[in-house]
Amino acid sequence: MMGNLNTLICSLLFCSIFNRFCNAFVLYRLQSVGVRGVIHCAGRPLPDIHVKLLDDDEPDPDDVLAFGFTNANGSFFLEGHETEITNIDPVLKIFHKCNDKGIPCERTWRIGVPDKYITIGEREPKKVMDVGILNVEVVLNGETRDCIH
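Per this note's numbering: the sequence shown = residues 128 to 276.
Structure (structure tokens):
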């Protein structure tokens, strides 16, 4: 009798662990995304501008998928990946001082990336969103400032 009970307990424990292991690989999906563009201020390229590609996880802190800086021509390219149960919500953030009138901290642009640019199951995205040339001299409605990024 005791042997059957031990076998049953071991079988249930094995099934439970196996089920959790399978769910971890079935439910969580590798997702990747990429963004490229050029940043200008009043018609001039902006070098060394901080750019981030994030997974917007509100109310939790955002996951940083990639970050970098624009080159001498104002160009940037970011790509990153994340493994999540739900779809990632990619957002491009641009931190700059163009047309800031001496106000402390950096102006922050936030641009959502459409779902069609998310690649499932691969570390490198198949499609990359090209935002073109962005003139960050423009003040966006709802724009914020960030001192720590």
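Glycine is no exception: its CB is placed at the ideal position from the N, C-alpha and C atoms.
Leaving aside the five residues before and after Ala193 along the sequence, list all residues of the same chain whose C-beta is less than 7 angstroms from its C-beta, in chain order. If you number the sequence shown from 1, residue 193 lands on position 66. Cβ neighbours of Ala193 beyond the five flanking positions: Leu180, Leu205, Glu206, Gly207.
So Asp182 and Asp216 are supposed to be a Cβ contact under 8 angstroms. How far apart are they, rounded? As a first step, residue 182 must be located in the sequence shown, where it is residue number 55. As a first step, residue 216 must be located in the sequence shown, where it is residue number 89. Right, the Cβ-Cβ distance comes to about 6 angstroms (below 8 angstroms), so this counts as a contact.
How is the beta strand (DSSP E) around Thr197 delimited, first residue to last? As a first step, residue 197 must be located in the sequence shown, where it is residue number 70. No beta strand (DSSP E) contains Thr197, which DSSP labels as neither H nor E.
Whole-angstrom Cβ separation of Glu264 and Asn226, contact assumed at under 8 angstroms? The residue you call residue 264 lines up with position 137 of the sequence shown. The residue you call residue 226 lines up with position 99 of the sequence shown. Confirmed, Cβ separation roughly 5 angstroms.
CA-CA distance, Arg234 and Cys168? By 1-based counting over the sequence shown, the position of residue 234 is 107. By 1-based counting over the sequence shown, the position of residue 168 is 41. Between Arg234 and Cys168, the C-alpha separation is close to 12 angstroms.
Bounding residues of the beta strand (DSSP E) (the contiguous stretch that carries Leu157): Here residue 157 refers to the residue found at position 30 of the sequence shown. DSSP places Leu157 inside the beta strand (DSSP E), whose first and last residues are 156 to 168.
Counted within 10 angstroms of its Cβ, other Cβ atoms place Leu154 as buried (16 or more) or exposed: Translated into the one-based positions of the sequence shown, residue 154 becomes position 27. Exposed.
Where does the unbroken beta strand (DSSP E) through Asp273 begin, and where does it stop? As a working note, residue 273 is residue 146 in the sequence shown. Taken as a continuous stretch (DSSP letters only), the beta strand (DSSP E) holding Asp273 covers 271 to 273.
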